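Worksheet: the structure to be examined is printed underneath.
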Amino acid sequence: MPNFSDIAGLLADQAIELPSWAFGNSGTRFKVFSTAGVPRDAYEKIADAAKVHELTGLAPSVALHIPWDRVDDFDKLGTHAANLGVRLGTINTNTFQDEDYKFGSLTHVDEKIRAKAIAHMHECIDIMGVTGSRDLKIWLPDGTNYPGQGDLRGRQDRLADSLQQVYARLGDEQRLVLEYKFFEPAFYATDVPDWGTSYTHCVALGERALVCLDTGHHAPGTNVEFIVAQLLRLGRLGSFDFNSRFYADDDLIVGAADPFQLFRIMFEVVRGGGYGPDSGVAFMLDQCHNVEEKIPGQIRSVLNVQEMTARALLVDRDALAEAERDGDVLGANEVFMDAFYTDVRSDLADWRTSRGLPANPMRAFRDSGYADHIAAERVGGTQAGWGA
Ligand code: AOS
Ligand code: ZN
Ligand code: ZN
């Protein structure tokens, strides 16, 4: 098995984008709990995200959600981010919080509402022009709750047409990433339920349309790393929304529910050429911290991704290939598991120290006084949350 020193250099390539909404209040349909010091606007969300990057060196960009993060001057927001050592990343569209979208957005039968959804996405692309963002991320709430409620085929046809109109607006350096989800908020049929549907639409659109894989958006038991391998093989894996789940779209801290799955996913990423600055794969978190502290929740998340990436990089690929060729089932499995069971935590602490980062970012955050500082400072105004 390689030594940690053999892979240490590769860890410098890791960049995980933080979602602005992770710093706001969030909850379930039962209750949204509030937290002291929660950001009141996009500027404060970016400040919190920058703190995560300062302590971990792993999170150089922040994804925005429109309209939640709409500001008067995106140029100014970009400068604010740069001053804090981060940049603005993916722009997420939102067609799920408007009365008009009750029966769909890009798939709607009413041409006026469909045009409104397309116009929203065009506005997001215009914002990308100012923020310098590469990716427009589309997740749709579209779908139906009862058989017969909508014409499944007609909805696909309208979706294809709408996506084409959105895609046509992209600049040469910009990309569209289409996220899939098998259920919720629609419970019978979702219009982009799986990677195959997303892939089919992306291929029809063109080279700059790619699939976004949210790790929490699959039926229980789905082999997610197989989908990773397949999309990389097809050259259409655009981005990850990382989170973890016990039951459905739980949006819990990535690697918390099933670290082994995260390891298997990162192994396929490395195996398939998806790791590294030029891979074209964007690694993002899509999480909500309902009961735990939000900034430490994000720190824990990026550290979990780093830890499983390090273990995935430690797999002895030559020994694995040999065992696979020889039909040595248990030998191959042992090579794989040896890397998974390797505790890299103290090596990672040394790696951080060598780069001028705190050995223990969780403790460094606790000791920094930042939580008390924002709790005292951010009083009044409206706390921004999921949907605010
Ligand atoms: C929804 O389930 C998706 O995961 C989206 O990525 C969504 O835009 C994001 O969770 C923010 O609400
Ligand atoms: Zn997502
Ligand atoms: Zn989701």
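Quick note on numbering: the sequence shown equals residues 178 to 565 in my numbering. For each residue, glycine too, the CB sits at the ideal point set by N, CA and C. A quick note: this is a predicted structure, and the numbers were derived from the prediction, not measured.
{"query": "Close Cβ partners of Phe-437 (< 7 Å) along its chain, the five nearest in sequence each way excluded", "result": "Phe-517"}
{"query": "Contact test: Asp-391 Cβ vs ligand 3 heavy atom, cutoff 6 Å", "result": "yes"}
{"query": "Glu-194 - containing beta strand (DSSP E), residue span", "result": "193 to 196"}
{"query": "Separation of Leu-408 from Arg-247, as counted between CA atoms", "result": "32 Å"}
{"query": "Cβ pair Ala-294, Leu-283 closer than 7 Å", "result": "yes"}
{"query": "Close beta carbons around Gly-266, own chain, < 7 Å, minus the five adjacent residues each side", "result": "Glu-194, Ser-238, Val-239, Ala-240 and Ser-310"}
{"query": "Best match in Thr-519, Arg-540 and Glu-554 for proximity to Pro-179 [C-alpha to C-alpha]", "result": "Thr-519"}
{"query": "Cβ-Cβ separation, Phe-251 to Asn-467 (assumed contact under 8 Å), whole Å", "result": "Actually they do not touch by this definition, with Cβ atoms about 29 Å apart."}
{"query": "Same chain, Cβ closer than 8 Å to Asn-271, five either side skipped, listed in chain order", "result": "His-242, Ile-243, Pro-244, Trp-245 and His-297"}
{"query": "The region 452 to 464 touching the region 499 to 506, judged by at least three CB pairs closer than 8 Å", "result": "no"}
{"query": "C-beta atoms of Arg-346 and Ile-315 nearer than 7 Å", "result": "no"}
{"query": "Segment limits, beta strand (DSSP E) that includes Arg-264", "result": "264 to 269"}
{"query": "Counted within 10 angstroms of its Cβ, other Cβ atoms place Asn-269 as buried (16 or more) or exposed", "result": "buried"}
{"query": "Reduced DSSP secondary structure (H/G/I, E/B, other) of Leu-188", "result": "helix"}
{"query": "Short Cβ contact (7 Å threshold) for Asp-391 with Arg-352", "result": "no"}
{"query": "Cβ-heavy atom distance, Asp-426 to ligand 3, below 6 Å", "result": "yes"}
{"query": "Min CB distance Ala-199 to chain D below 7 Å", "result": "Here chain D cannot be found, since the structure has a single protein chain."}
{"query": "Contacting residues, own chain, Cβ-Cβ under 8 Å from Ala-565 (five flanking each side not counted)", "result": "Reliability fails at Ala-565, whose pLDDT of 46 lies under 50, so the model's placement of it is uncertain and no value is given."}
{"query": "Residue range of the unbroken beta strand (DSSP E) whose run includes Val-229", "result": "Unbroken run through Val-229 is the alpha helix (DSSP H), 219 to 233; no beta strand (DSSP E)."}
{"query": "Contact check, Gly-262 vs Ala-227, beta carbons under 7 Å", "result": "yes"}
{"query": "Reduced DSSP secondary structure (H/G/I, E/B, other) of Thr-321", "result": "strand"}
{"query": "DSSP-derived helix/strand/coil call for Asn-260", "result": "helix"}
{"query": "With 16 other Cβ atoms within 10 Å as the buried cut-off, status of Asn-420", "result": "buried"}
{"query": "Helix, strand or coil at Cys-301 [DSSP, three-state]", "result": "helix"}
{"query": "Beta carbon of Glu-469 nearer than 7 Å to that of Val-405", "result": "no"}
{"query": "For Asp-287, the three-state DSSP class (helix, strand or coil)", "result": "coil"}
{"query": "Contact set for Trp-372: own chain, Cβ-Cβ below 8 Å, skip 5 residues either direction", "result": "Tyr-357, Val-388, Leu-390, Ile-404, Gln-407 and Leu-408"}
{"query": "Sequence-distant residues of its chain with Cβ nearer than 7 Å to Ile-476 (five each side left out)", "result": "Val-229, Leu-232, Thr-233, Pro-538, Met-539 and Phe-542"}
{"query": "Beta-carbon gap between Asp-225 and Ile-430 smaller than 7 Å", "result": "no"}
{"query": "Bounding residues of the beta strand (DSSP E) (the contiguous stretch that carries Ile-243)", "result": "Ile-243 -> no beta strand (DSSP E), and no H or E assigned at all."}
{"query": "heavy atom of ligand 1 below 6 Å from Asp-463 C-beta", "result": "yes"}
{"query": "Val-435 Cβ short of 6 Å to ligand 1 heavy atom set", "result": "Before going further, note that residue 435 is Asp rather than Val in the sequence given. Every heavy atom of ligand 1 is 6 Å or more from the Cβ of Asp-435, so no."}
{"query": "Buried or exposed (CB count within 10 angstroms, at least 16 for buried), Asp-319", "result": "buried"}
{"query": "Same chain, Cβ closer than 8 Å to Ala-192, neighbours up to 5 away in sequence not counted", "result": "Leu-235, Ala-236, Pro-237, Ser-238, Pro-454 and Phe-460"}
{"query": "Proximal residues to Val-307 (C-beta, below 6 Å), its chain only, five neighbours per side dropped", "result": "Phe-251 and Asp-252"}
{"query": "Cα-Cα separation between Asp-527 and Ile-442, rounded to whole angstroms", "result": "25 Å"}
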